[in-house]
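Have a look at the structure below before the remarks.
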Amino acid sequence: MTATANPTGTPKAKKLSMKARYGALTRDLDWAPGYVSEEEMYPHTSYEGIKIHDWSKWDDPFRLTVDAYYRYQAEKDKRLYSVLDGFAQSQGHLTLSEGKYLNAMKVFLGGVTPLEYAAHRHFAYLARQFNGPGPRFAALCQSIDEMRHAQTEIHTLSNYNKYYQGMHNFAQQHDRVWYLSVTKSYFDDALSAGPFEFLIAIGFSFEYLLTNLLFVPFMSAASFNGDLPTMTFGFSAQSDESRHMTLGLEAIKFILEQDEANVPIVQEWVDKWFWRGYRVTGIVSQMLDYQLPRPVMSWKEAFELYFEQQMLGGLFPDLALYGIKPPKHVDQAIWEKDHLSHWLHDTFYQFSHAANFTTTVPDTEHLDWLAQAYPDTFNQLYRGKWEEMGKLAEEGNRFFYPGLPQLCQVCQVPMVYCENGNPHKRAVYHSEYEGENYNLCSEGCKWIFDREPAKFRQAWLPVHQIYQGNCGGPTIPDVLEWYGFQEGDSGEYIGSVDHKNWIARHQMIEDKLGQGAGH
Amino acid sequence: MTAQETKFDRPVSIDLQENDENRSLVTAIQGDNADLLTSYTPGLVRLQAPARLEIKRESVEAQLGRPWETHEFQMAIVSLAGNISEWDEDKIVISWGPKVEDDEDEDY
Amino acid sequence: MATPALYDYNFPSRSAQELYGDDILVNMVQTDDMWFRSGATVRVPKAMTWGDFYQTQFLPYVSANPHTKAGQAYSFQLQDVDFTAKDEQTLDELGVGHKHTFTFANA
Chain A
1 MTATANPTGT PKAKKLSMKA RYGALTRDLD WAPGYVSEEE MYPHTSYEGI KIHDWSKWDD
61 PFRLTVDAYY RYQAEKDKRL YSVLDGFAQS QGHLTLSEGK YLNAMKVFLG GVTPLEYAAH
121 RHFAYLARQF NGPGPRFAAL CQSIDEMRHA QTEIHTLSNY NKYYQGMHNF AQQHDRVWYL
181 SVTKSYFDDA LSAGPFEFLI AIGFSFEYLL TNLLFVPFMS AASFNGDLPT MTFGFSAQSD
241 ESRHMTLGLE AIKFILEQDE ANVPIVQEWV DKWFWRGYRV TGIVSQMLDY QLPRPVMSWK
301 EAFELYFEQQ MLGGLFPDLA LYGIKPPKHV DQAIWEKDHL SHWLHDTFYQ FSHAANFTTT
361 VPDTEHLDWL AQAYPDTFNQ LYRGKWEEMG KLAEEGNRFF YPGLPQLCQV CQVPMVYCEN
421 GNPHKRAVYH SEYEGENYNL CSEGCKWIFD REPAKFRQAW LPVHQIYQGN CGGPTIPDVL
481 EWYGFQEGDS GEYIGSVDHK NWIARHQMIE DKLGQGAGH
Chain B
520 MTAQETKFDR PVSIDLQEND ENRSLVTAIQ GDNADLLTSY TPGLVRLQAP ARLEIKRESV
580 EAQLGRPWET HEFQMAIVSL AGNISEWDED KIVISWGPKV EDDEDEDY
Chain C
628 MATPALYDYN FPSRSAQELY GDDILVNMVQ TDDMWFRSGA TVRVPKAMTW GDFYQTQFLP
688 YVSANPHTKA GQAYSFQLQD VDFTAKDEQT LDELGVGHKH TFTFANA
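Protein chains in written order, with the working numbering: chain A, 1 to 519; chain B, 520 to 627; chain C, 628 to 734.
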């Protein structure tokens, strides 16, 4: 910012305090409608049963104004894009820990990036629909942030797309591929809810309760695996995230303070959206534990730090002052921390012939790391199967699942879970609604279904759609073609296109080094 | 790599990018907060404090040797646990516990 | 509870039986072995006999599990209730409904 001249020579006005500037540039720009009623101007903020008496009580601790917002966002982008350029120019993709590391990024690009874009759209909707200028402005900033995140993620990963399979068709795949329906349907559930439920679903339950589990260890892992661009976009996005977390926390407190009748409604949303979000972050659990050649932090450890310690230990005692209890079914999530990633990566391994990533059995060193990270469960329950699958692969009988998986009607994850507390008992729950049977993976998803069966019966379950003939044709090759997969996108990593290219490129470097040394 | 176990019941924390500029910021915060726990994971530094953590503009400026706006903190932060209970031109306070009404006039 | 909406909220199931003509979806889940990480879903005619279902759907599936021994006998439950059938009975006659789940284990 350049200083403006003061041609009149009059004394400069005293600089406003941060709070006064925020007031002048956001709230003072609001007006009361004269030609229409408030109800006509904001028709979407009453039907969910939430009562708001005084919108001016919404507090934005960041006190952000438009000029400051754009100044800092521009600086963030400038820093990111100089890293992206440097990395691309220096053939940075050759310095990754291993080629298979990028499988984690393929999951991220298809599973998470489109959600950023969806969040951009919906926060723009909130920026129009909320009655108060405080939440409208915060939602507007978040809407622009989310667009920036979608763009910077795509831009960052586009460099890898020049060299690696599995990333070339992520947007279409987000709408079609079986496992990506988990993240898509989660967000669609939030988008199709009212504005307050969306705010609790995404602003609070996702951004505040769970987003640290997704981003922080993952970006630290990018740093540890030589992926400088991802680390940089991740931290750049997270710097906005702390503002989004604050919005989420302000949102829930504001709603709870406005009227006691809001408390039970919010409690049910917290219960629902904790479990919905937790099931989605399961995908992250297997990224952290299995997809990183150099792991940084286990899912169990991340869950204990970012969820149990910071949220259950730090946040919920504050929310108890308003009468809000920790989410229903949280005890199951705590029990599952020792099992979750092992179940889910096993699923990814068995179904990777139908995915946009490759998998392979972890090597002995990695299995030992898992044993150390999961001293009570890994060697006891999961190691033997990996070794067995590894042996089959060595014998030329790499195992892939022989059919289509049964899916949960709510979370859309294949039915891979066990009953709470018993890793030997598979969980299969049912509900009936208007004469039709629905299958659910857990008490949490069953509770969510039974609460709103008219909503969840509409779920677009990939397996059911394939059997209806809506996904390209009756055979698996038809479906994979409809997904837009190409040679090398899927299956086993060892011997895959990415693996061969990785070896060839590194041999080329060694040959060149060899020539240099021998002259 | 293991994250440090906290010794506090209800820690507040901030995760910052570990880079050159933020080293001054970390030093300033360490100077202003007794009982601070500092831990590292690749690319990140985490500061945890029992219930309350304060960042003072004056201390950060003394470390950086240049003027620093509290808004600049947004360039450094990756994540936090706690409420942002105060944020003005001189300080940022992160804490748990009931909301503290600030003393500025409520005209805005 | 009803899903809150500003209009009459009523949309059909995207997996309703009518969308599959004379067929139904049936699920199979092995409970005493964790080799298959997930249960499976198949599409079969309502009029398929249990004998056909066993030979063309069940056996090929369970045989893909390397732990499976040839000639192994199994016990079944349908929707959590013990289930026995004669080969010539049809799924319809046996009360196997759309999206019902068979759980099975070594007998």
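Idealized CB from N, CA, C, for every residue including glycine.
Can you name the residues that DSSP bridges to asparagine 439(A)?
Bridge partners of asparagine 439(A): His430(A).
Does glutamine 238(A) come within less than 8 Å of chain B when only Cβ atoms are used?
Glutamine 238(A) counts as touching chain B.
Pick out the complete beta strand (DSSP E) segments inside the region 368-430 of chain A, 3 residues or longer, and give them in chain order.
Within the region 368-430 of chain A, the complete beta strand (DSSP E) runs of at least 3 residues are 422-426.
So, with DSSP's three-state summary, where would you put tryptophan 299(A)?
If DSSP states are grouped into helix, strand and coil, tryptophan 299(A) belongs with the helices.
Just the C-alpha distance for serine 442(A) and phenylalanine 87(A), rounded to the nearest angstrom, thanks.
The straight-line gap separating the alpha-carbon atoms of serine 442(A) and phenylalanine 87(A) is approximately 44 Å.
Classify glutamate 395(A): buried if its beta carbon has 16 or more other beta carbons within 10 angstroms, exposed otherwise.
Flag for glutamate 395(A) reads exposed.
Excluding the 5 residues flanking proline 362(A) on each side, which residues of the same chain have their C-beta closer than 8 Å to its C-beta?
Around proline 362(A): Tyr290, Leu370, Trp386.
Helix, strand or coil at serine 642(C) according to DSSP, with G and I counted as helix:
When DSSP states are grouped into helix, strand and coil, serine 642(C) belongs to the coil group.
From Met297(A), Val182(A), Leu210(A), Thr26(A), pick the residue whose C-alpha is nearest to that of leucine 140(A); which is it?
Closest option to leucine 140(A), Cα to Cα, is Thr26(A).
What are the start and end residues of each continuous alpha helix (DSSP H) run of 4 or more residues lying completely inside the region 466-494 of chain A, in chain order?
Taking only runs of at least 4 residues, the alpha helix (DSSP H) segments lying wholly in the region 466-494 of chain A are 476-483.
For methionine 287(A), count neighbouring C-beta atoms within 10 Å of its own C-beta (all shown protein chains included) and say buried if the count is 16 or more, exposed if not.
Flag for methionine 287(A) reads buried.
Taking Cβ-Cβ distances shorter than 7 Å, what residues in chain A pair up with glutamine 706(C)?
Per Cβ cutoff of 7 Å: His430.
So what does DSSP say about threonine 232(A), is it helix, strand or coil?
Threonine 232(A) falls in the helix class under three-state DSSP.
Can a CB atom of chain A be found closer than 8 Å to the CB of valine 656(C)?
Yes, valine 656(C) counts as interfacial toward chain A.
How should threonine 95(A) be labelled, buried or exposed, when 16 other C-beta atoms within 10 angstroms of its C-beta is the threshold for buried?
Counting Cβ neighbours within 10 Å, threonine 95(A) comes out exposed, since fewer than 16 surround it.
Whose C-beta lies closer than 6 Å to the C-beta of glutamate 625(B) among residues of the same chain, with five residues either side of it excluded?
Because glutamate 625(B) sits at a pLDDT of 44, beneath the cut-off of 50, its placement in the model cannot be relied upon, and the following sentence gives the value as read from the coordinates. Non-local C-beta neighbours of glutamate 625(B) in its own chain, meaning closer than 6 Å and more than five positions away in sequence, are absent.
First and last residue of the uninterrupted alpha helix (DSSP H) at arginine 565(B)
Segment 563-569 is the beta strand (DSSP E) holding arginine 565(B); no alpha helix (DSSP H) there.
Taking Cβ positions, are histidine 317(A) and arginine 529(B) nearer each other than 8 Å?
The question names histidine, but residue 317(A) is proline in the sequence shown. Proline 317(A) is a Cβ neighbour of arginine 529(B), given a cutoff of 8 Å.
Restricting to runs no shorter than 3 residues, where is the beta strand (DSSP E) found entirely within the region 637-703 of chain C?
The qualifying runs are 650-657, 667-672.
Spell out a yes or no on whether the region 398-412 of chain A and the region 667-677 of chain C are touching, meaning 3 or more CB-CB pairs, one atom from each, closer than 8 Å.
Output reads yes: the region 667-677 of chain C touches the region 398-412 of chain A.
Using the beta-carbon of each residue, which ones in chain C are nearer than 9 Å to aspartate 376(A)?
Simply none; closest approach about 17 Å.
Neighbour-count burial assignment, glutamine 91(A), 16 or more Cβ in a 10 Å radius:
Exposed, by the Cβ-count rule.
Using a 10 Å radius around the Cβ and a threshold of 16 neighbouring Cβ atoms, would you call threonine 4(A) buried or exposed?
Confidence at threonine 4(A) is low in this model, with a pLDDT of 46, below 50, so the placement of that residue should be treated as unreliable; the coordinate-derived value is given next. The residue is exposed, with fewer than 16 neighbouring Cβ atoms inside 10 Å.
Quick check on lysine 15(A): does DSSP put it in helix, strand or coil?
It is coil, neither helix nor strand.
Within 8 Å of any Cβ in chain F, is that where the Cβ of methionine 415(A) sits?
This model lacks chain F altogether, as its protein chains are A, B and C.
Take lysine 446(A) and list the residues in its own chain whose beta-carbon comes closer than 7 Å to its own, dropping the five residues that flank it on each side.
Correct list, in chain order: Tyr429, Ser431, Leu440.
Residue span of the beta strand (DSSP E) that contains aspartate 709(C), given as start and end
If you look at aspartate 709(C), you'll find it in the beta strand (DSSP E) that goes 708-710.
Would you list the residues sitting across from valine 263(A) in a DSSP beta bridge?
DSSP output for valine 263(A) lists no bridge partner at all.
Can you list the residues of chain B that glycine 520(A) reaches, using a CB-CB cut of under 8 Å?
Residue coverage of chain A in this structure runs from 1 to 519, which leaves residue 520(A) outside it and unanswerable.
Under a CB-based cut-off of 8 Å, is glutamate 436(A) close to chain C?
At least one beta carbon of chain C lies nearer than 8 Å to the beta carbon of glutamate 436(A).
I'd like to confirm the pairing. Which residues does DSSP put opposite threonine 557(B) in its beta bridges?
For threonine 557(B), the beta-bridge partners assigned by DSSP are Leu566(B).
Any chance the region 709-716 of chain C sits against the region 637-652 of chain C, with 3 or more Cβ pairs inside 8 Å?
Verdict: no, contact absent.
Less than 8 Å between C-beta atoms, sequence neighbours within five positions excluded: which residues of the same chain meet that for threonine 65(A)?
Around threonine 65(A): Arg21, Tyr22, Leu25, Thr26.
Going by the CB atoms, is the gap between tyrosine 101(A) and leucine 292(A) shorter than 8 Å?
Closer than 8 Å, so yes.
Once you ignore the five residues that flank lysine 328(A) on each side, which residues in its own chain have a CB closer than 8 Å to its CB?
Cβ within range, chain order: Asp271, Phe274, Trp275, Gly444, Trp447.
Does any residue of chain A have a CB that is nearer than 8 Å to the CB of proline 586(B)?
Interface with chain A (8 Å Cβ-Cβ cutoff): proline 586(B) is excluded.
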